Every structure is written in structure tokens, then in C-alpha cells.
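Enquirer:
In the numbering used here, the protein residues as written are 2 to 577.
Below you can see the structure in the form of C-alpha cells.
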């Protein structure tokens, strides 16, 4: 019945070898776990101001700053074509300018990332019309019908500018911005690959040959070329919008397979002035102003796809609505957003901008590249991650945890936890002071201000020179509550109840998650016994359950005071 040791050992070896071979096969085909580089730093947060001894705490934060594959960008006549009316200009240059700004963002990335290589041109180039110094036979192996060619008039540009545009608008990848890592070339998050049945054919007011150097141009020069193009075609506002679209390209990679932009359209004749003089006379400025540090902040934000999604989803968070009824509020909101008229990109953009003017530029960019439906798909069941760092960096309310503590203390104000909540809507009801953990009881009558405040940020640097960065303000200003916001927008029409469906209410799952966060460690106080027995919470059992008779002052689960004291001593500076 029982195997001897030798037989047992042989069968062990057989099992080990079988599965080790499977592991090796999987390892050879799996993506390299070292296929990305990350930026890391530490933030400092305060929980009090004034005469209070609660210390600040620190949180580590890491996000990816490279990619292994470029964002695929294509052109289509079926893409939303109403964009130009947003800007009061004729024609549509969004695709051309988005490709150009992607180069600029990558150029700055190559300048600031340690070990990054300068941008290099590839052998791919956009076609030129005959008579412009370069034969139409460039890339002539591609089969493109005449009606799938769009002529891009660059105006009076230098040879260097013409070479740059030929790389930026080339089919495939016309340039590379990389950093070597573990024998691989990791790409800038804004790397693009232009794949489309439509081809962009270039023309300019010159006929000299182009430079053959593979070296790309720096950030400042590329920015100037974009200024000249925008002035020449009178599309300054489109250029700024395209910059935001390019900024969000890293976010699109996890949401859609490719970014599809409308085929460029040219209606009016470009200005016939010298483009350089036009740029100077119109005083065209970059989207980030004159300070490149502001551009670096935008790069940091653009790299962080989780943060971007959290910020965009925050417009669906209402700080005065508790988690147990938030599903009804969300169903009402999405009943409006699902209507055919609101789905018009122009209307939808204005709806989001009215809701949160501060985030309007991000929503404009997301609609331009077509990720708005993916964002809303995650926001409707509140399935997005809460990113407090992105919220602090943009002064945005993404969670009830950012709202200052009330007097008297509400349920959301009376807890002490090592991690922030995963639910953005606040808990419902109140908690008696006597049912709170000891530390909360000690601070219930504290004269100091209690609330979560972002204090500073410190990057992990290779040279160990960790400079501390401080925000202009250390508090997050909550958005107006819905009642106040509706007063600002005027009267509403009749309520339509076609979107009301209690069977698909997300409040249950969010409430359960909230109480897992609230009571997962210390258990339910006696006053919340009815909540513990509710069908939304029922089944959440623990080996530490106690059958304490009602009214004895004990929790429905063992408090573990000794464990709590040791945890408080060791983790107090690392908790919220």
C-alpha cells in the first residue's frame, strides 16, 4: 500500500521534471518581466494641522515610463468629423498635429530619462509630390490608391524641417526614441506606428534635396516647426487639442487596440506669408508655456495611465452620496449619457467640461483619440482604481477620503487604516465614539484639524540626490456638491426612468467592499449588528467571531487589543 522511498523519489522526480519543462517552455514564450522601466518616489502625507501629535506618513509610488511597443495610429473617414467646429477653424489637422506632438513628447522624454538615447530617424519616410526634391518613388512598393492619398502642404519650410515632417508622417515608424535595458531597446511611451490605408503625401515651396543624417532634431526645434505649421494653416487651437491627444496615447494602449483619427481635410487656402514670420507675429505659445518644468509635470502625468483613468473617472464621484445608494445616482447619470444626442462627441465633451472644467482638457484629449467609452465602461460599475497621487498633483477630488473631517465625526471620519479605501463614495451613517478604536477616541475632541493632506514628493534618483518637491497648496479643494452645481446650470427637464434598474445596482458590491475596509480588522461594533447580518454583508465570516450577548459593550468579533497596540506602535507612521 505505501510506496518505498526509492519509488516515491522517482515519482517525485517525474512530476518535477514534467512541470519544469512546461515552466521553461512558458518562460521562453512569455514577455520579459524586465521589459519595462519604472519611475519611483515617496510622497509625504499629513493627517492633521494645529495642536495635534499625529505624525505624517509616507507612501511609495511607482509607475511605468517605457513601453515595448508603439501606439498604433490609423486614419479613417468614419472617425468623428465634427472636431473642427470646436475650434472655429476650417479643415481638420488633428492627425498631423498629434503625430507631431508625439515626437515632441518623446524628445523631452529622451532628454530627461537617465540613459536615454537621442531620437534617431529610421529609413521610413512620407512620400513627396513630384517636383519637391524627392521622388514619389519613396516607399513606392506600397499599394495605395489615388483616393487614399492626402496632400499635406507644409508651406515654406527648411530642408531640416522637411526631413523632420517626412519622418513624423511616415508610414510605420519614422523615428525611434529608446533607452537600452538588459539587451533590449525600450521605447518612449509616446512612440507611434502609423498604419493606415490612407497615406499622407507632402509638398512644400522648395525643390532642394533633403538631409540624409539619421539624427533627429531636439525638442525646441520640433516645437518651432509645429508652431510654423499651425500658424501657416491657422489651426492654433487644433494644435493645442492635438497636444493633449498625444499626451494620452500611453493611456490608450491599455484600453483600445489602436487610435483612429479622421483623415486630414484642407478646406481653406493656407496663408501665403512666410511661416517663420507668421509664428513670431502671432505670438504662438506652447501648450505648457515657457517653463519646461511644466512640460515635465505633464510627462509624469501622461506616463501614468492608472492616474489618468482615475482622474477622468472622478467626475462620476459625488462626495455627499454614500456607498449604499451610489448605484442609483450612477444609473441616473449614465441614463443621460447613454442618450444618442449626448453621445455626439461635441455635446459629450461639453457635458464633461461643465462637470469638471479643471479636467476638461483631459476629456477633450480622450474623446479625440476615442477612449471615452472605455473610461465610462470602467466608471459605471466603479471598477477604476483610486490614485491619490494623481489627485494630489492635479488638485482633484477622487475619493471621499480627501474631504476634511466633519464635526461631529461621521462614519467616514472615525477610522484608522493602513491603506486608503478602494471605494470612492463615503460610508453611510455615523459611528458612536465609544465604538471607535482607542486612537480615534483620543482625537475625537482634539482641537487640531484632521484630514488627509498631500505635503511633498521625493524622487528616487540614481545619484542619490533626492530633492523634495512641494505643492503650491497642501489641501484638496472638493468639487461643489451636486445640488450647488445644478443650481449653477439652471433648471433641469423631466426625469426619465428608463435607466432605473435595481437588479443591476452596484451599491451592494461597493457597500460590501467598503465594510471590508472599515471592519475587516477590528470587526463590527454591537451597534452595527444589523449591518453585519444584512444580506449585502451576510456570509462574511471569521474564525474570530464572538457570540457576545448584545449590550455587553464588546464587538461582534474579537478586537485583539494587544495586536492593535503593537500594530499602532509599528505602523502609525505608515497609515492613513
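For glycine and all other residues, C-beta sits at the position ideal for the given N, C-alpha and C.
Bear in mind that the values here come from a model prediction, so they are computed numbers and not experimental data.
Closer than 8 Å, CB to CB, is residue 375 near chain D or not?
Expert: Among the chains of the structure shown, chain D does not appear; only one protein chain is present.
Enquirer: Evaluate contact between the region 63-78 and the region 191-209, counting only Cβ atoms and requiring at least three cross-stretch pairs below 8 Å.
Expert: yes
Enquirer: Which two residues bound the contiguous alpha helix (DSSP H) that contains residue 226?
Expert: Position 225 of the chain shown, counted from the start, is the residue given in the question as residue 226. Taken as a continuous stretch (DSSP letters only), the alpha helix (DSSP H) holding residue 226 covers 220-234.
Enquirer: With 16 other CB atoms within 10 Å as the buried threshold, where does residue 388 fall?
Expert: Position 387 of the chain shown, counting from 1, holds the residue named residue 388. Buried: at least 16 other Cβ atoms inside 10 Å.
Enquirer: With a threshold of 16 other CB atoms inside 10 Å of the CB of residue 311, please say whether the residue is buried or exposed.
Expert: By 1-based counting over the chain shown, the position of residue 311 is 310. Answer is buried; the Cβ neighbour count reaches 16.
Enquirer: Can you give me the C-alpha to C-alpha distance between residue 155 and residue 314, rounded to a whole angstrom?
Expert: Here residue 155 refers to the residue found at position 154 of the chain shown. Here residue 314 refers to the residue found at position 313 of the chain shown. Each residue's Cα considered, the two are about 39 Å apart.
Enquirer: Give me the residue from 38, 56, 14 with the minimum Cα distance to residue 453.
Expert: Numbered from 1 along the chain shown, position 452 holds the residue referred to as residue 453. Closest by alpha carbon: 56.
Enquirer: In the DSSP output, which residue or residues are listed as bridge partners for residue 59?
Expert: By one-based count along the chain shown, residue 59 stands at place 58. The partner list for residue 59 (beta bridge, DSSP) reads 45.
Enquirer: Would a C-beta distance cut-off of 8 Å place residue 113 and residue 170 closer than the cut-off?
Expert: Reading the chain shown from its first residue, position 112 is the one you call residue 113. Reading the chain shown from its first residue, position 169 is the one you call residue 170. Contact flag unset, no.
Enquirer: What is the residue span of the beta strand (DSSP E) that residue 191 lies within?
Expert: Counting from 1 along the chain shown, the entry for residue 191 is found at position 190. Note, residue 191: premise wrong, no beta strand (DSSP E); not H, not E.
Enquirer: Assuming residue 202 is part of the beta strand (DSSP E), what are its boundary residues?
Expert: Numbered from 1 along the chain shown, position 201 holds the residue referred to as residue 202. Taken as a continuous stretch (DSSP letters only), the beta strand (DSSP E) holding residue 202 covers 200-204.
Enquirer: Buried or exposed, going by whether 16 or more other CB atoms sit within 10 Å of the CB of residue 302?
Expert: Counted from its first residue, the chain shown places residue 302 at position 301. By the neighbour-count rule (16 or more Cβ atoms within 10 Å), residue 302 is buried.
Enquirer: Would you please state the rounded distance, in angstroms, between the beta carbons of residue 370 and residue 249? I believe it to be under 8 Å.
Expert: Numbered from its first residue, the chain shown carries residue 370 at position 369. Numbered from its first residue, the chain shown carries residue 249 at position 248. About 6 Å separates the two Cβ atoms, so the contact holds.
Enquirer: Any idea what DSSP makes of residue 239, helix, strand or coil?
Expert: Here residue 239 corresponds to residue number 238 of the chain shown, with the count starting at 1. Assignment of residue 239 by DSSP, reduced to helix, strand and coil, places it in the helix class.
Enquirer: Would DSSP call residue 166 helix, strand or coil?
Expert: Position 165 of the chain shown, counted from the first residue, corresponds to residue 166. DSSP, reduced to helix, strand and coil, places residue 166 within a helical segment of the structure shown.
Enquirer: Indicate whether the contact test is met: 3 or more Cβ pairs, each with one atom in the region 285-300 and one in the region 371-378, closer than 8 Å.
Expert: no
Enquirer: On the DSSP bridge list, what partners appear for residue 74?
Expert: The count along the chain shown starts at 1 and reaches residue 74 at position 73. DSSP, once it has assigned bridges, lists 195, 260 as partnering residue 74.
Enquirer: When you compare only the Cα positions, how much space is there between residue 4 and residue 15?
Expert: Locating residue 4 in the chain shown gives position 3, counting from the first residue. Locating residue 15 in the chain shown gives position 14, counting from the first residue. In this model, residue 4 and residue 15 are separated by some 15 Å (Cα to Cα).
Enquirer: Mind checking whether residue 121 and residue 176 have CB atoms under 8 Å apart?
Expert: In the chain shown, counting from the first residue as 1, residue 121 sits at position 120. In the chain shown, counting from the first residue as 1, residue 176 sits at position 175. Closer than 8 Å, so yes.
Enquirer: Nearest-angstrom Cα distance between residue 268 and residue 63?
Expert: Within the chain shown, the letter at position 267 stands for residue 268. Within the chain shown, the letter at position 62 stands for residue 63. Going from the Cα of residue 268 to the Cα of residue 63 covers about 46 Å.
Enquirer: Leaving out five residues on either side along the sequence, give the residues of the same chain with a beta carbon under 7 Å from the beta carbon of residue 266.
Expert: As a position in the chain shown, residue 266 is number 265, starting the count at 1. Same-chain partners within the cutoff: 92, 93.
Enquirer: Secondary structure at residue 246, three-state DSSP: helix, strand or coil?
Expert: Locating residue 246 in the chain shown gives position 245, where the first residue counts as 1. Correct three-state label for residue 246: helix.
Enquirer: Which same chain residues, not among the five before or five after residue 381, have their C-beta less than 6 Å away from its C-beta?
Expert: On the chain shown, position 380 is the one that residue 381 refers to. Excluding residues within five positions, the ones whose Cβ falls inside 6 Å are 335.
Enquirer: Select from 125, 129, 236, 318 the residue whose C-alpha is nearest the C-alpha of residue 392.
Expert: The residue given as residue 392 occupies position 391 in the chain shown. When each option's Cα is compared against that of residue 392, the closest is 318.
Enquirer: So for residue 151, helix, strand or coil by DSSP?
Expert: Stepping through the chain shown from its first residue, residue 151 is reached at position 150. Shown here, residue 151 sits in a strand according to DSSP, grouped into three states.
Enquirer: Just checking, does the region 102-119 make contact with the region 238-254 on the three C-beta pairs under 8 Å criterion?
Expert: When C-beta atoms of the region 102-119 are compared with those of the region 238-254, three or more pairs fall below 8 Å, so the two segments count as touching.
Enquirer: Looking at residue 365: is its Cβ nearer than 8 Å to the Cβ of residue 242?
Expert: Sequence index remark: in the chain shown, residue 365 carries index 364 (1-based). Sequence index remark: in the chain shown, residue 242 carries index 241 (1-based). Yes.
Enquirer: Grab the span of the alpha helix (DSSP H) containing residue 303 for me, first residue to last.
Expert: Counted from its first residue, the chain shown places residue 303 at position 302. Residue 303 -> alpha helix (DSSP H) spans 293-304.
Enquirer: Output the boundary residues of the beta strand (DSSP E) element that contains residue 326.
Expert: Working through the chain shown from its first residue, we reach residue 326 at position 325. Counted as a single uninterrupted DSSP element, the stretch harbouring residue 326 is not any beta strand (DSSP E), since DSSP gives it neither H nor E.
Enquirer: Using the rule of at least 16 other Cβ atoms within 10 Å of the residue's Cβ for burial, across every protein chain shown, is residue 385 buried or exposed?
Expert: Locating residue 385 in the chain shown gives position 384, counting from the first residue. Classification of residue 385: buried, given that the 10 Å Cβ count is 16 or more.
Enquirer: Compare the C-alpha of residue 501 against each of 337, 536, 252 and name the closest.
Expert: Taking the first residue of the chain shown as 1, we reach residue 501 at position 500. Minimum Cα distance to residue 501 is reached at 337.
Enquirer: Beta-carbon separation of residue 191 and residue 129 under 8 Å?
Expert: Here residue 191 corresponds to residue number 190 of the chain shown, with the count starting at 1. Here residue 129 corresponds to residue number 128 of the chain shown, with the count starting at 1. Cβ atoms of residue 191 and residue 129: not closer than 8 Å.
Enquirer: I believe residue 45 touches residue 357 by the beta-carbon criterion, under 8 Å. Please report the beta-carbon distance rounded to the nearest angstrom.
Expert: Residue 45 sits at position 44 when you count from the first residue of the chain shown. Residue 357 sits at position 356 when you count from the first residue of the chain shown. No, residue 45 and residue 357 are not in contact; Cβ-Cβ is about 27 Å, not under 8 Å.
Enquirer: Quick check: residue 324 and residue 215, are their CB atoms within less than 8 Å of each other?
Expert: As a first step, residue 324 is located in the chain shown; it is residue number 323 there, counting from the start. As a first step, residue 215 is located in the chain shown; it is residue number 214 there, counting from the start. Going by C-beta atoms, residue 324 is not nearer than 8 Å to residue 215.
Enquirer: Rounded to a whole number of angstroms, what is the C-alpha to C-alpha distance between residue 496 and residue 343?
Expert: The count along the chain shown starts at 1 and reaches residue 496 at position 495. The count along the chain shown starts at 1 and reaches residue 343 at position 342. Roughly 15 Å between the two C-alpha positions.
Enquirer: Let me make sure I understand the geometry here. Which of 460, 472, 431 has the alpha-carbon closest to that of residue 529?
Expert: Locating residue 529 in the chain shown gives position 528, where the first residue counts as 1. Measuring from the Cα of residue 529, the nearest candidate turns out to be 431.
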